[in-house]
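Protein chains: 2
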Amino acid sequence: MERYLVISSDCHAGLPPEQYRDYLDPQYRETFDAALPIQIEETDKAARKFLVADVNREWRKGRERQLTGAWDHDERIKVLDADGVAGEIIFPDGITEFNMPPFGAGLSLPTENVIPELQWAGARAHNRWLAELCAQAPERRAGIAIAPILWDVDEALKEIRWVKEHGLRGILIPSMWGRLPAYHHPRYEPIWSACEDLGIIIHFHSGAAPMEDYGELVGMMGIYITEVAWWSARPLWFLIWGGVFERHPKLRVAITESTTVWVPELLQLLDFRYAETHFSAKLGDYRSQLKMKPSEYFRRHVFLGASCMPRREVDMRHEIGVENIMWGSDFPHPEGSWPYTREQMVDAFRGVPEPELVAMLGDNAARLYGFDSAKLAPLVARIGPERHLFHA
Amino acid sequence: MERYLVISSDCHAGLPPEQYRDYLDPQYRETFDAALPIQIEETDKAARKFLVADVNREWRKGRERQLTGAWDHDERIKVLDADGVAGEIIFPDGITEFNMPPFGAGLSLPTENVIPELQWAGARAHNRWLAELCAQAPERRAGIAIAPILWDVDEALKEIRWVKEHGLRGILIPSMWGRLPAYHHPRYEPIWSACEDLGIIIHFHSGAAPMEDYGELVGMMGIYITEVAWWSARPLWFLIWGGVFERHPKLRVAITESTTVWVPELLQLLDFRYAETHFSAKLGDYRSQLKMKPSEYFRRHVFLGASCMPRREVDMRHEIGVENIMWGSDFPHPEGSWPYTREQMVDAFRGVPEPELVAMLGDNAARLYGFDSAKLAPLVARIGPERHLFHA
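Sequences listed follow chains B and F, in order. Each residue of the first sequence is one higher than the one before, counting from 953 in this note's numbering. Each residue of the second sequence is one higher than the one before, counting from 953 in this note's numbering.
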């Protein structure tokens, strides 16, 4: 092949807020009508509070039509073709401030100031629409359903079955649980079992953080971007030490847009804690549930949605795990690589040996999410980034 | 010199709980009498919950007399002499489960299930006793007062002045703030100013973590030890981005027993976020307060209490910062190096060039806390670890 299969492990899609109405269960539409103006105002206020409103507006200037690809099938196809991206994993929150699902069912999945029943209703509205969007190009799109699983396990199980039946490939679950039980709690066991049995991939995506700690103070943005990746990676050690991967050998988890630079140090720390005797002895026997080293669970269970993976992390790929890395574009977010994906990708991956490049740009994601590479081959031959670019 | 000056940046001392009574302001003694049995039971329950009670008991067997050095001047001198440690920085919680100050005024300084007035009273009782202990060997002991500064700034200022007047060298402040304002909040400005003016060093010491997330579930200890160091380092980026070091160029902070392995990556991340334009632009101008790079504030303001620093971190010393590292023994905690300090130290530091060794074992701490090395020289000549051990 003269061109590479590229699958973006991190793309976003969402409807303009008013259009979610038709996808809601009818009994929630009245509440939706009342809540919509408040939601729009709150989202706008948040963008202004975090000083991003102006910058985003500037970045979007002249790209208005292409950004409708956040929800429009035809435009999305054009944009991804031009960007060289054949397949994509689709999360919510298309154009962040304009495409959030109703009732707090966006990327962050807060547990405060939301009503569980409504958050589920908003999630389901989005999931229904997403299933339609994916069905318009099923060979190219792996949709990730929103699943606020913390509230009620039976609701979660119902949705996981729906997700499977409607061709979506994974669920996005909250990376923060507020005052609800964390993910080493046995109450979530049926959820892990269902995802394992049905091949539904669990996702944590960066975004949520304890905003109440930051306030509206000088420094809040620096603090947020310093620790935001940690907050979405954190569930990992609850799952590992809690023995979830021990009990569910086929369960798979992706941590998306959370950088990958922390992986080598974290694995060292986990394995060290697992192996040492003196310190761990003081702290009791927490190892009884784990037959393998933490890093071995990581290698088997955890995939990294490496959005706009920078050169420095590419250089660390062997420590991070070449088989665990899945490149991503983050379209249509301003911090993503679109519309300069080829350039960004070539800068980061130039000179990387062919099999590793192939794995990280597309093959790892193809295998995890079940893309049919053969079906995508003609498309790749037309739009994929050219091999020689990476080996110049 | 044929022997090295060793200052432990991390030692602990505390009274048997009933002995704190005499150091309390009289109006709290009745409450103390009622609370004491509850405190003892709760502490014991926590040790059993975390499965450490048996292990600790085992470790302490045959060391009962030496462990009274947690509060007894004469015994402490003998123990530290035998360990080769000339100077020490003293935190609360001597023998963890037996020497906690009253009313939740221990290392962790919780903000829930405590009464602020009582927590302050417990802290002051400990601080009074600690000032006495330090006065018995002022050239060897730098005491760190307990200061639950979150509740009330005026109380904090009163105590900081008391600390200065009574020869203590620093304050231990909470590394978690619960629902109270975090350290980038302007309300704490008078505290930073007072510490800066009086040369009082601010301390964060590992211990506190969101235990409510862990519950009493399988995996809880693994999760705790995976993230506990992060929780005590976290205030650092609130101080940096909040501009505290920009406004208080003489303020000094020590982060103790929180490992040092995270430093290089954190500094890279902070400087990257500070320097980049694209991503930071989306997220707004949080840089306006900072004239230097975050890593430059770190170098100037932050010291690391590197308890039982392992070889691997010693090998990373140039990235971490040779001038910022202060070795520590963690006496009398079971995870510390006592009574094998020489062996542990030699394993970790063998072959390190003389000036770097001298800096990390004692000189950095001497300078930060104002120890008089000349006064300590005769003691060092008698007890210090011998030079040839490190260069064999």
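Heads up, the beta-carbon is just placed ideally off N, CA and C, and yes, glycines get one too.
Return no unless some Cβ of chain B is closer than 8 Å to the Cβ of residue i.
i	result
T1178/F	yes
I1175/F	yes
D962/F	no
L1169/F	yes
R1093/F	no
W1279/F	no
M1183/F	Residue identity differs from the one stated: residue 1183/F is Trp in this sequence, not Met. No, W1183/F lies away from the interface with chain B (no Cβ there is under 8 Å from its Cβ).
H1155/F	no
Who are the neighbours of residue i on chain F, taking C-beta pairs under 9 Å?
i	result
L1102/B	None at all; the shortest Cβ gap to chain F is about 13 Å.
E1217/B	V1213, W1214 and E1217
G1194/B	L1169, V1170, G1171, M1172, G1174 and I1175
H1253/B	Those within 9 Å of H1253/B in chain F number zero; the least Cβ separation is about 15 Å.
Distance cutoff 8 Å, beta carbons only. Does residue i sit that close to anything in chain F?
i	result
V1266/B	no
Q1018/B	no
P909/B	Because chain B in this structure spans residues 953 to 1344, residue 909/B falls outside the shown range and cannot be described.
F1190/B	yes
Q1071/B	no
Q1241/B	yes
How long is the line joining the alpha carbons of residue i and residue j, rounded to whole angstroms?
i	j	result
I1277/B	D996/F	45 Å
F1043/B	M1163/F	31 Å
G1119/B	G1095/B	8 Å
E1308/B	Y1292/F	47 Å
Q1018/B	L1082/B	19 Å
H1137/F	D1223/B	37 Å
G1130/B	S1158/F	23 Å
Q1220/F	D1165/B	23 Å
A1258/B	W1279/B	5 Å
P1126/B	P1330/B	37 Å
S1281/F	F1301/B	45 Å
W1023/B	G1167/B	33 Å
E1271/B	L1218/B	11 Å
F1050/F	D1104/F	29 Å
E1338/F	E1198/F	41 Å
Would you mind telling me which residues of chain B sit closer than 7 Å to residue i, beta carbon to beta carbon, in chain order?
i	result
G1046/F	Correct list: empty, because the minimum Cβ distance to chain B is about 16 Å.
A1134/F	D1165
Q971/F	What Q971/F touches in chain B: nothing, since even the nearest Cβ is about 25 Å away.
Does DSSP put residue i in a helix, a strand or coil?
i	result
M1278/F	strand
E1179/B	helix
H1270/F	helix
S1060/B	coil
F1206/B	One point to set straight first is that residue 1206/B is Ala, not Phe, in the sequence displayed. Strand, per DSSP.
G1322/B	coil
E1308/F	helix
G1236/B	Confidence at G1236/B is low in this model, with a pLDDT of 49, below 50, so the placement of that residue is unreliable and no value is reported for it.
R973/B	helix
V1254/F	strand
I1047/B	coil
D1006/B	helix
C1086/F	helix
H1025/B	helix
G1039/B	strand
I964/B	Checking the sequence, you will find His at residue 964/B rather than Ile. Correct three-state label for H964/B: strand.
S1259/B	strand
I1067/F	coil
R1017/F	helix
E954/B	coil
Could you tell me which chain B residues have their CB closer than 9 Å to the CB of residue i, listed as they occur along the chain?
i	result
L1222/F	G1174 and T1178
H1343/F	Near H1343/F there are no residues of chain B at all, since even the closest Cβ is about 27 Å away, more than 9 Å.
So, is the C-beta of residue i closer than 8 Å to a C-beta in chain D?
i	result
R1009/F	The chain inventory of the structure shown lacks chain D, comprising the protein chains B and F.
Whose Cβ in chain B lies nearer than 8 Å to the Cβ of residue i?
i	result
R1225/F	G1174, I1177 and T1178
Taking residue i as the query, report the chain F residues whose CB atoms sit under 8 Å from its CB, ordered along the chain.
i	result
H1137/B	G1167 and L1169
Contiguous alpha helix (DSSP H) assignments of at least 4 residues, all confined to the stretch 1090-1122 of chain B: If one requires a minimum length of 4 residues, the alpha helix (DSSP H) runs lying completely within the stretch 1090-1122 of chain B are 1105-1117, in chain order.
Can you list the beta strand (DSSP E) stretches of 3 or more residues lying completely in the stretch 1125-1182 of chain B, in chain order? The stretch 1125-1182 of chain B contains these whole beta strand (DSSP E) runs: 1153-1157.
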